[in-house]
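Note sheet for the following structure.
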Amino acid sequence: MEKEKKKHRIILGVIGADVHAVGNTILNRALQDAGFEVTNLGVMVPQEEMIRAAVEDGADAILVSSLYGQGEIDCTGMREKCEEAGLKDILLYAGGNLVVGKVPEKEIQERYKALGFDRAFGPGTDPSVTIAALKKDLAKGRLHHHRGSEE
Amino acid sequence: MKAVLLIDFGSTYTKITAVDIEKEEILGTAQSFTTIETDINDGLKNALKILEEKTGPLEFSEKYACSSAAGGLRMVAIGLVPELTAQAAKQASLGAGAKVVKTYSYELTDGDVEEIDGINPDILLLTGGTDGGNKDNIIHNAHQLAKLKSRSFPIIIAGNRSCTDRVAEILEDFETFKCENVMPKLNIPNVEPVQELIRSIFLKKIVLAKGLSQAEELIKGILMPTPAAMLEAMKLLAKGTETEEGIGDLVGVDLGGATTDVYSMSYGLPQTGAAVLKGLREDYAKRTVEGDIGMRYSIKGIVAASDIMRISDLSGLSERKCEEMIEYLSVHTDKVPGDDEPDFIALDYALASMAVEAAVTRHAGKLEPFYTPTGISYMQTGKDLTGVKTVVATGGALIHTKRTGDILKHTLSKPEDAFSLKPKEAEFLVDRKYILAAMGLLSTEYPDAALRIMKKELEKNGVS
Chain A
1 MEKEKKKHRI
11 ILGVIGADVH
21 AVGNTILNRA
31 LQDAGFEVTN
41 LGVMVPQEEM
51 IRAAVEDGAD
61 AILVSSLYGQ
71 GEIDCTGMRE
81 KCEEAGLKDI
91 LLYAGGNLVV
101 GKVPEKEIQE
111 RYKALGFDRA
121 FGPGTDPSVT
131 IAALKKDLAK
141 GRLHHHRGSE
151 E
Chain H
1001 MKAVLLIDFG
1011 STYTKITAVD
1021 IEKEEILGTA
1031 QSFTTIETDI
1041 NDGLKNALKI
1051 LEEKTGPLEF
1061 SEKYACSSAA
1071 GGLRMVAIGL
1081 VPELTAQAAK
1091 QASLGAGAKV
1101 VKTYSYELTD
1111 GDVEEIDGIN
1121 PDILLLTGGT
1131 DGGNKDNIIH
1141 NAHQLAKLKS
1151 RSFPIIIAGN
1161 RSCTDRVAEI
1171 LEDFETFKCE
1181 NVMPKLNIPN
1191 VEPVQELIRS
1201 IFLKKIVLAK
1211 GLSQAEELIK
1221 GILMPTPAAM
1231 LEAMKLLAKG
1241 TETEEGIGDL
1251 VGVDLGGATT
1261 DVYSMSYGLP
1271 QTGAAVLKGL
1281 REDYAKRTVE
1291 GDIGMRYSIK
1301 GIVAASDIMR
1311 ISDLSGLSER
1321 KCEEMIEYLS
1331 VHTDKVPGDD
1341 EPDFIALDYA
1351 LASMAVEAAV
1361 TRHAGKLEPF
1371 YTPTGISYMQ
1381 TGKDLTGVKT
1391 VVATGGALIH
1401 TKRTGDILKH
1411 TLSKPEDAFS
1421 LKPKEAEFLV
1431 DRKYILAAMG
1441 LLSTEYPDAA
1451 LRIMKKELEK
1461 NGVS
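Residue numbers (the working numbering), protein chains in the order written: chain A, 1 to 151; chain H, 1001 to 1464.
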C-alpha cells in the first residue's frame, strides 16, 4: 500500500561542460507534472555529482541530457561509477544531441547501451515518450543492466 | 551605572569582560587560569579580583558565560555521502560551536564503532539521506551504533525523516533527540534546527556533566560554547540589528595555538555571471576549524600547509634556523616571544601569515575553469568572498602582535590565486581587547549595545 503512494525519485541534469538549460527546464516540469520527485542539478553537472545526488536521494533513475555533441565522452564510465557507488539497480537514460553527425537513432541507442545506459533518446523526443518509457521500466522493478546480455 | 559581567571559561584561561550597559562601554577585562579540576569559581574569583584592582569594586546586575573548558563541546558527526549529508552535519555542528572530533560517511564499520567509543563525544549527530531519499544507510548505522558500549552521550537523529522513528527505536537504549533533516533536499542544508537542539542539549546536559554548573553565581548560566558566542558576535557585526546597521559581509580569523577558526558572514553567491554554483549550499554564517593549523601545538601543520621556503623568506631567517626554531616551539608550546627576541618575533610573524593564508584559502570557495564550445565557463564550489570588504582578527597570535595588519594581508587573494575566492581588498578590524566572544554573549540580551561597543572597540588596522 505504502509503495503505491511512494513517488519515484529522479536525478536530472545536463552533463559535462554543456550549458543548454532550456530542455532541462522543460523536462523538469514535465517529469514533476507526471508525478515524479525530481532533483534537478541543472547544467554543467559532472558524473560524480549526479551519482552522489542519487545515493543521498535514494533515486530510482538518473536522466542525463547532452546537447553539445560531447555526450559520449561525458557519459563514458558512468555505469561503472554507479556500480562502485552501490547504485546497482538504478536506471540510466540519456537524451539530446547525443552524438556528432547524422547517425541513425538505432545506432545511437546501441552506442549508449554499450556505455551501460538503459535507454537513449535522440533530439526532438517529446517528454511524454521518455516518461512513458520511464514508467514502464520502473514498473518492471529490478532491471538487467548487464551489457550485452540483452538481445 | 548598570554593570554586566561576561565570562569565557576557556580551556586555559577564564577571561572576563565588564560592560557598562548604559554608557555602552567596556569597564575592563581580566583573565586568570581556569580551575576546572577543583572549583570553576576559583578561577573566576581570581579574574574578578584582578579586574576590580583595575576598575574598583563592581556590582553586576547580570552575568553571562560561555565555555570551551573541559575540551569544549566535542561532537561526532555521521552522514551518508561525504560531500553532502556528512558535510552538512559537520557544518551544522561547527556552526553550533562544537569541536567536531571526527566525521563519518557511508556505512559505519565495527572499527568505527569502537573508535567512537574511544572518542566518547558529548553529542553524536546521526544523519543520512534526503527526506524521502536513502533509508538503508542511516538504519544500518543505527544498528551499528546500538553496538556501542557507551550509553553516556545523547544522539541527535537528523536524517531522512521517513526513518527517524525507526532509527529512534533501534537506538532506544540511548537518549535520543529527533530533529528535522540536516539536508531535507539535495544540496540545501537545513542547519538551524540541529543547531538549536545542540545548544539546548549543551545548556541542559553538557554544562552539568562537565562540572561547569557549579558556577553558582551565574544568574543566567552558561549560555553557549565559546565558538558559538564568537559566531554570534561576527553575525551581529555583519548584519546589525533593527535599529543599528551592521558593517556588511565579513571574514573572521581566530588564530590559536592548536587550531585556526575561520568565519564568514556572507552568502558568497557568484560575483560574475560566468560561474555556475555547484555542490552543497553554505550557510550565511559559516565556521570552519583547521585542526592542523595553529601557532604552537599544530606548528608543523603550518609548515606542511605552506612551505619552509616561504617561512624562511618572510621571516628573513635561514631555512635551517626556521626548522630548528619550529622544532623548539612545537615542544615549548607556552613560549611567547619577548621584545628582545627578534628572531622569534620574525618567525611568529611568518608562521602566522602562512597559517591565516592556508586557513582562509581552505574556507573560501573555488572556481574551476571549464572550456566549452562557446568559450570559458566556471564552476564555483563554496562561497565567493571576493567582494567581502572586512577581515576581523582575533585570537592571541593576532592580537598580541604589532604586525597584525601585515599578517592579515595574507588572508587576501593575490593575482596568482585566480581560482581562489578569497577577499580581494579588505579593511582589517582587530579585536585587540579580546571582547568578541563577550559581545556575542551580550548580544543575547543587548544586541544594540553589543554592536555599538564592537564598532567602537575594534581597531582599524590600515586598509590594504
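Glycine included, C-beta positions come from ideal geometry on N, C-alpha and C.
Using a Cβ-Cβ cut-off of 9 Å, state whether residue i counts as contacting chain H.
i: Arg29 (chain A); result: no
i: Gly148 (chain A); result: Annotation note: pLDDT 39 at Gly148 (chain A) (below 50); position unreliable, coordinate value reported separately. For Gly148 (chain A), the answer is no, since every Cβ of chain H falls outside 9 Å of its Cβ.
i: Leu134 (chain A); result: no
i: Glu83 (chain A); result: no
i: Lys3 (chain A); result: Any reading at Lys3 (chain A) needs caution, since the residue's pLDDT is 45, under 50, leaving its predicted position unreliable; the model's value is listed next. No, its Cβ sits nowhere closer than 9 Å to a Cβ of chain H.
i: Lys7 (chain A); result: yes
i: Met44 (chain A); result: yes
i: Leu41 (chain A); result: yes
i: Val19 (chain A); result: yes
i: Gly155 (chain A); result: Because residue 155 (chain A) is not part of the residues shown, which for chain A are 1 to 151, the question remains open.
i: Arg119 (chain A); result: no
i: Arg52 (chain A); result: yes
i: Leu12 (chain A); result: no
i: Arg142 (chain A); result: Low local confidence applies: a pLDDT of 48 at Arg142 (chain A) is under 50, so the model's placement there is unreliable, with the coordinate-based value given in what follows. Chain H, which has no Cβ nearer than 9 Å to the Cβ of Arg142 (chain A), makes this no.
How long is the line joining the alpha carbons of residue i and residue j, rounded to whole angstroms?
i: Ile1040 (chain H); j: Asp57 (chain A); result: 47 Å
i: Glu1232 (chain H); j: Arg1166 (chain H); result: 35 Å
i: Ile26 (chain A); j: Asn97 (chain A); result: 16 Å
i: Tyr1446 (chain H); j: Leu1429 (chain H); result: 22 Å
i: Lys140 (chain A); j: Glu1368 (chain H); result: 41 Å
i: Ala17 (chain A); j: Thr1164 (chain H); result: 38 Å
i: Glu105 (chain A); j: Pro123 (chain A); result: 9 Å
i: Leu1351 (chain H); j: Ile1311 (chain H); result: 7 Å
i: Leu1171 (chain H); j: Glu1037 (chain H); result: 33 Å
i: Ile1007 (chain H); j: Tyr1284 (chain H); result: 27 Å
i: Glu1457 (chain H); j: Glu1427 (chain H); result: 15 Å
i: Ala971 (chain H); j: Lys102 (chain A); result: As shown, chain H starts at 1001 and ends at 1464. That puts residue 971 (chain H) outside it, with no answer to give.
i: Arg142 (chain A); j: Lys88 (chain A); result: No answer about Arg142 (chain A) holds up, because its pLDDT of 48 lies below 50 and its placement is not dependable.
i: Val55 (chain A); j: Ser65 (chain A); result: 19 Å
i: Ala1438 (chain H); j: Glu84 (chain A); result: 50 Å
Determine the chain H residues that contact residue i at a beta-carbon separation under 7 Å, and present them in chain order.
i: Glu37 (chain A); result: Gly1132
Note down, in chain order, every chain A residue with its Cβ under 9 Å from the Cβ of residue i.
i: Lys1135 (chain H); result: Gly58
Please report the residue range of the beta strand (DSSP E) in which residue i lies.
i: Gly1273 (chain H); result: No beta strand (DSSP E) contains Gly1273 (chain H), which DSSP labels as neither H nor E.
i: Ser66 (chain A); result: Ala61 to Ser66
i: Leu1255 (chain H); result: Leu1250 to Leu1255
i: Arg9 (chain A); result: Arg9 to Val14
i: Phe1370 (chain H); result: Lys1366 to Thr1372
i: Leu1126 (chain H); result: Ile1123 to Leu1126
i: Tyr1064 (chain H); result: Phe1060 to Ser1067
i: Gly1375 (chain H); result: Gly1375 to Thr1381
What residues of chain A sit near residue i, judged by a beta carbon separation below 7 Å?
i: Phe1344 (chain H); result: Within chain A, no residue comes near Phe1344 (chain H); the closest Cβ sits about 46 Å away, beyond 7 Å.
i: Leu1080 (chain H); result: Val55 and Glu56
i: Pro1373 (chain H); result: Tyr68
Hey, could you find the ends of the alpha helix (DSSP H) residue i is sitting in?
i: Val1194 (chain H); result: Glu1192 to Ile1201
i: Gly23 (chain A); result: Val22 to Asp33
i: Val43 (chain A); result: Here Val43 (chain A) belongs to no alpha helix (DSSP H), and DSSP marks it neither H nor E.
i: Pro1439 (chain H); result: The displayed chain sequence assigns Met, not Pro, to residue 1439 (chain H). Per DSSP, Met1439 (chain H) belongs to the alpha helix (DSSP H) from Leu1436 to Leu1442.
i: Val1391 (chain H); result: Val1391 (chain H) -> not in any alpha helix (DSSP H); beta strand (DSSP E) instead, spanning Thr1390 to Thr1394.
So with Cβ pairs under 9 Å, would you call residue i a contact of chain A?
i: Ser1464 (chain H); result: Here the model assigns Ser1464 (chain H) a pLDDT of 38, short of 50, so the residue's position is not dependable, and the following value carries that caveat. It does not: the Cβ of Ser1464 (chain H) has no partner Cβ on chain A nearer than 9 Å.
i: Glu1341 (chain H); result: no
i: Glu1083 (chain H); result: yes
i: Gly1279 (chain H); result: yes
Which residues in chain H have a C-beta closer than 9 Å to the C-beta of residue i? List them in chain order.
i: Glu61 (chain A); result: Note on identity: in this sequence residue 61 (chain A) is Ala, with Glu being the wrong assignment. Chain H residues near Ala61 (chain A): none, gap ~14 Å exceeds 9 Å.
i: Glu80 (chain A); result: Result: empty, since nearest Cβ-Cβ is about 18 Å, beyond 9 Å.
Quick one: does the C-beta of residue i sit closer than 8 Å to a heavy atom of the ligand PLP?
i: Leu63 (chain A); result: Ligands displayed in this structure: none; no statement on the ligand PLP is therefore possible.
Given that residue i touches chain H, what residues does it touch there, using C-beta distances under 8 Å?
i: Glu49 (chain A); result: Lys1278 and Gly1279
- Query: Using Cβ-Cβ distances below 8 Å, what residues of the segment 1376-1402 of chain H are close to chain A?
  - Reply: If you check each beta-carbon in the segment 1376-1402 of chain H against every beta-carbon of chain A, the ones closer than 8 Å belong to Ser1377 and Met1379.
Next on the checklist: At a CB distance below 9 Å, what residues from the segment 1142-1161 of chain H approach chain A? Give them in sequence order.
Outcome noted: Result list: Asn1160.
Contacting positions in the segment 1108-1130 of chain H - beta carbon closer than 7 Å to chain A: Hits within the stretch, in order: Gly1129 and Thr1130.
For the segment 1176-1191 of chain H, list every residue whose C-beta sits within 9 Å of some C-beta in chain A, in sequence order.
Those would be Met1183, Lys1185, Leu1186 and Asn1187, in chain order.
>> Give me the subset of the segment 1421-1449 of chain H whose CB atoms are less than 8 Å from a CB atom of chain A, sorted by chain position.
In response: The residues in question: there are none.
Chain A contacts made by the segment 1223-1244 of chain H, where a contact means CB separation under 8 Å
So the list is empty, because no residue satisfies the distance condition.
For the segment 1355-1370 of chain H, list every residue whose C-beta sits within 8 Å of some C-beta in chain A, in sequence order. Those residues of the segment 1355-1370 of chain H that come within reach of chain A (Cβ to Cβ, closer than 8 Å) are Phe1370.
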